[in-house]
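Mapping the sequence shown onto the working numbering, position 121 (from 1) lands on 118, and the numbers just tick up by one. Ideal Cβ positions, reconstructed from N, Cα and C, are used throughout, including at glycine. Taking it in order: structure first as structure tokens, then the write-up.
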Amino acid sequence: MSIRSMHHVSVVVDDLASAKAFFTALGLELEGETPVEGTWVDRINHLDGVRVEIAMMRTRDGHGRLELTKFHSPAAVAEGPQPAPSNTFGLRSVMFEVDDVDAAVEAARAHGGELVGEVVRYEDVYRLCYVRAPQGVIVALSEDLR
């Protein structure tokens, strides 16, 4: 048995509308939204009374998905210092290839994003940067220069 593909990455957010606007500004498309609740979701999360709203975002090529999840019940929990630095254990970033890093950074800033460090050039291959989304998620952006 082996992994066939990666279906999506899930991010828990507090403000679903602003998270959708942020990732839409970066070029993701809204694939669909749905409320989720019931015993099956309680069991898979090992929580009681789960009630969430999910927005599934996808890349233009349709191969990558980002699930944005707003917990209405039980309330989401923040661990450790916020926002967590980029060297914190666990999932810290999700990377997207973009056409133009500078334009993507400006679009992110217009929706509350902040540049973490600098836009850097890796040889003549990529321009890269990290942007912290309003929900604290670090989004890595990559522009292919080849």
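Using CA atoms only, rank isn't needed, just tell me which of the options is closest to residue i.
i      : options                      : result
SER171 : VAL6, ARG40, ARG1            : Residue coverage of the chain in this structure runs from -2 to 143, which leaves residue 171 outside it and unanswerable.
GLN79  : GLY133, MET(-2), ASP11       : GLY133
GLU120 : GLY46, ARG143, ALA72         : ARG143
VAL33  : PRO71, ARG57, MET3, VAL98    : PRO71
LYS67  : ASP45, ALA52, VAL102, VAL136 : ALA52
What are the boundary residues of the beta strand (DSSP E) that includes residue i?
i      : result
ARG57  : It is not in any beta strand (DSSP E) - ARG57 carries neither H nor E in the DSSP assignment.
ASP141 : 135 to 141
VAL146 : Because the chain is modelled from -2 through 143, residue 146 falls outside the range shown and cannot be assessed.
Below 8 Å on the Cβ atoms is my guess for residue i versus residue j; work out the distance and round it to an integer in Å.
i      : j      : result
PHE20  : LEU63  : 6 Å
VAL95  : LEU138 : 5 Å
HIS69  : ARG40  : Between ARG40 and HIS69 the Cβ distance is about 18 Å, and since that is not below 8 Å, they are no contact.
ALA104 : ASP11  : Going by Cβ atoms, the distance from ALA104 to ASP11 rounds to 21 Å, so no, they are not a contact pair.
Assuming contact is defined by CB atoms lying nearer than 8 Å, are residue i and residue j in contact in what I supplied?
i      : j      : result
VAL113 : ARG129 : yes
ALA164 : LEU65  : No information on residue 164 is available, as it lies outside the stretch -2 to 143 that the chain covers here.
ALA107 : ALA22  : yes
LEU25  : ARG55  : yes
TYR123 : ASP141 : yes
GLY110 : PRO82  : no
State the start and end residues of the unbroken alpha helix (DSSP H) segment that holds residue i.
i     : result
THR66 : Counting along the chain, THR66 falls outside any alpha helix (DSSP H), though it belongs to the beta strand (DSSP E) covering 62 to 70.
VAL98 : 98 to 107
LEU13 : 13 to 22
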